[in-house]
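Heads up, the thing below is written out as structure tokens.
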Amino acid sequence: VGGRGLRVEETQPGWKGRIELLVYILLWYGTSVICTNTSKQLGIHWSILTLSQLSISSLCGFLLINCLKFVPYQPIASSSQLRATALLAAVFTMGFLTLNSALGMMHVSLVMTLRATEPLFTLVLAAALLKSERASPAMAAALLPVIAGAGLSSVSSS
1 VGGRGLRVEE TQPGWKGRIE LLVYILLWYG TSVICTNTSK QLGIHWSILT
51 LSQLSISSLC GFLLINCLKF VPYQPIASSS QLRATALLAA VFTMGFLTLN
101 SALGMMHVSL VMTLRATEPL FTLVLAAALL KSERASPAMA AALLPVIAGA
151 GLSSVSSS
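Heads up: the sequence shown begins at 1 in the UniProt record's numbering, then just goes up one per residue.
So this is what it looks like as structure tokens:
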């Protein structure tokens, strides 16, 4: 059951759905590693790198939505939706800027260790800023391996 009066049906995916999810996770992880290492090796200024990455992702999104019709186009319907989208875009852009500037200043392994703690900071910020949506103990417990992994990575790096 979802919040705000919405009902969400909980169904278990079949084996095809699980394989598809696994492929998406492996694809995301592989492209993330390639992107991070390539970004570091390019050695260009973080602002140019960020502008290039966001321009390419915007072009890919345009092609997938408008040309290939991968998902239906949904125009922004209200000013509140526009504000929320603009805020999300600004936060996403700041995330790219900080990641790319960190890659220019630190070793890739340290940046990735810090990046691995993003879910923890998301949980803390959600608890502080979103009073209506609390994380369950199971969600918090699911972050323990992430925190432990980041800690072990930090200890072994020093």
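Glycine residues also receive a C-beta, built at the ideal position from the N, C-alpha and C atoms.
- Taking the C-beta atoms as reference points, Leu123 is found no nearer than 8 Å to Ile147.
- Ranked by Cα distance from Leu144, the options Ile65, Leu26, Leu129, Thr117 are led by Thr117.
- For Gly43, the three-state secondary structure derived from DSSP is coil.
- The C-alpha of Val91 lies about 15 Å from the C-alpha of Leu51.
- In this structure, the straight-line span from the alpha carbon of Gln12 to that of Trp46 is close to 42 Å.
- The C-alpha of Leu129 lies about 15 Å from the C-alpha of Leu87.
- By the Cβ neighbour-count rule, Ser109 is exposed, with fewer than 16 other Cβ atoms within 10 Å of its own.
- Just so you know, the alpha carbons of Cys67 and Pro137 end up roughly 43 Å apart.
- According to the DSSP assignment, Ala102 belongs to the alpha helix (DSSP H) that extends over 79-105.
- Leu59 sits away from Leu49, with the two beta carbons spaced by 8 Å or more.
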